[in-house]
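Chemist: One structure coming up, written as structure tokens, with questions to follow.
Below is the structure:
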């Protein structure tokens, strides 16, 4: 086998951790492949295979965040089929094999819980082991009493969470890549510790070999004018605009009647696509770098084939890190205009009473929801009404945070905040009922959440927006608008298209990428 550098933990420490009944132990080695980007690493280790993923993050200053995560494969995926939990791959001993999906996830997190990062390296980020994937919009039906909802024409699972097995962590600060092979006790036996360690080291060697093997890294160009081309003829609307406008007017009547103060109505766009998920992601990260960039590939639970989620979400649903809970409500927006300065649009946005009212309602909702799972007196608004800009739009953003209450889990925190008020409305329960009544299709992954639960009680979940669902050579894209009393229906329809623009352009442009081929040697 290929020789690699130092491996952590040592065999002796691994034995001690196993003896202490840690059921998942990360085994790591660190390399210096500083010529490889996260996309290049993904191409070598994952390349759109089932159970793989790529997670990146870009800040408002245009710089990429320090860590990127490449899921190189999973031994097990917890998904849903016909309303029941369904495991793909090897089910770890001791976790439920069947049952309600969220209950199985909760029990799996409890049973596999471990925190051994400090035993291996103080430099490791939070995501080393755990579950990574998505929970769709209909997850809410397990937590809130609702009817059956609209027709589900996507026929996708309500959740899919990969048990992290093999992982590469790219460090943009020093150019290193830490490879992680999680040793998972699948049989529940105390024996075979040395063999488990050897298998983990062998997987590190295999990942190293795949990183050093020469492959072609394409250099691509997009056709001229693809960023500003009119794409209106290239997409279909699953909800005709006049029906969407009528739903906006009905919402405003419900607001006048006192049923809701805000409702977030969404509509879906579709486009045929033959592009790979990776090419779609490459274009999206180029035109709309965002705090949550992601590419997931999952197997269907009931048939052959895979589907992909490719997204650039700007918005945290909720995160838990070292017992601190944080959320970033986003509400209130203006599209960019090449004829106007960002400063002028920002001033107009912050002076718009409709946009301010929409945002204030979401901040109040976030404070209320965090107060249910945080220690008394710890919830605070640490940033208020900050304008952030993205490729095609400006948003008002605030930060609400607090200390997690005793005996509260990350899944409890998610339950208290799901779905986001920025994707539903206020009061939330009545908003959910109206969305069930008025939207023509089930939302599927849209409006749910993507991210991870680690095994030490931490969590980082984004809202599934600005996302393309790639399924059977069709891209599905959805966007919503927050309706308040002062809304102008036509403006809200335009807002949904503005929010979906980056993902739509990525889908269309990815099909037209042209790879520059090297000259033949003479």
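Numbering (full-length UniProt numbering), first residue to last: 1 to 522. A virtual CB, placed ideally from N, CA and C, is assigned to each residue, including glycine. The structure displayed is predicted, hence computed values, not measured ones.
1) The alpha helix (DSSP H) with residue 101 in it runs from where to where?
2) What's the C-alpha gap between residue 15 and residue 9?
3) Going by DSSP, name the residue or residues bridged to residue 384.
4) Compare the Cα-Cα distances from residue 392 to each of 450, 202, 366 and 290 and report the closest residue.
5) Let's test the definition: count the other Cβ atoms within 10 Å of the Cβ of residue 80 and tell me whether it reaches 16, buried, or not, exposed.
6) Classify residue 351 as buried or exposed, calling it buried when 16 or more other Cβ atoms lie within 10 Å of its own Cβ.
7) Look up residue 409 in the DSSP assignment and say whether it is helix, strand or coil.
8) To the nearest angstrom, how far is it from the Cα of residue 89 to the Cα of residue 115?
9) With C-beta atoms as the reference, is residue 484 less than 8 Å away from residue 255?
10) If you scan the region 429-470 from start to end, which runs of the alpha helix (DSSP H) of 4 or more residues do you find wholly inside it?
11) What number of angstroms, rounded off, separates the C-alpha of residue 84 from the C-alpha of residue 345?
12) What are the boundary residues of the beta strand (DSSP E) that includes residue 401?
13) So residue 441 and residue 268 are supposed to be a Cβ contact under 8 Å. How far apart are they, rounded?
14) With a Cβ-Cβ cutoff of 8 Å, do residue 378 and residue 402 count as a contact?
15) Check each candidate in 355, 302, 428 and 503 and name the one with the smallest Cα separation from residue 259.
16) Across which residues does DSSP place residue 476 in a beta bridge pair?
17) Rounded to the nearest angstrom, how far is the Cβ of residue 31 from that of residue 270, given a contact under 8 Å?
18) Compare the C-alpha of residue 300 against each of 157, 273 and 279 and name the closest.
19) Kindly indicate the opening and closing residues of the beta strand (DSSP E) around residue 32.
20) Whose C-alpha, out of 318, 197 and 286, is nearest the C-alpha of residue 63?
21) Is residue 384 buried or exposed, if buried means 16 or more other CB atoms sit within 10 Å of its CB?
22) Could you tell me the boundaries of the beta strand (DSSP E) in which residue 56 lies?
23) With a threshold of 8 Å, are at least 3 pairs of Cβ atoms found where one atom belongs to the region 446-456 and the other to the region 125-142?
24) What did DSSP end up calling residue 249 once you bin it into helix, strand or coil?
Modeler: Based on what the coordinates show:
1) Per DSSP, residue 101 is one residue of the alpha helix (DSSP H) stretching across 101-112.
2) Between residue 15 and residue 9, the C-alpha separation is close to 9 Å.
3) BP columns for residue 384 are empty, so no partner.
4) Of 450, 202, 366 and 290, the residue nearest in Cα terms is 290.
5) It counts as buried.
6) Result: exposed.
7) Here DSSP, grouped into helix, strand and coil, assigns residue 409 to coil.
8) In this model, residue 89 and residue 115 are separated by some 24 Å (Cα to Cα).
9) Against a cut-off of 8 Å, the Cβ pair of residue 255 and residue 484 comes out as a contact.
10) Counting only runs of 4 or more residues that sit fully inside the region 429-470, no alpha helix (DSSP H) segment turns up.
11) Rounded to whole angstroms, the separation of the alpha carbons of residue 345 and residue 84 is 48 Å.
12) Run containing residue 401: 393-403, per the beta strand (DSSP E) assignment.
13) Your pair residue 441 and residue 268 checks out as a contact, with CB atoms roughly 6 Å apart and the cut at 8 Å.
14) It is a contact, given that the beta carbons lie within the stated cut-off.
15) Of the candidates 355, 302, 428 and 503, the one whose C-alpha sits nearest the C-alpha of residue 259 is 428.
16) Here residue 476 is bridged, per DSSP, to 270 and 469.
17) A Cβ-Cβ separation of about 42 Å leaves residue 31 out of contact with residue 270 under the 8 Å criterion.
18) Nearest option by C-alpha distance: 157.
19) Element bounds for residue 32: n/a, residue is neither H nor E.
20) With distances taken between Cα atoms, residue 63 lies closest to 286.
21) Under this definition residue 384 is an exposed residue.
22) Taken as a continuous stretch (DSSP letters only), the beta strand (DSSP E) holding residue 56 covers 53-56.
23) Flag = yes, the region 446-456 and the region 125-142 touch.
24) Annotated three-state conformation of residue 249 is helix, per DSSP.
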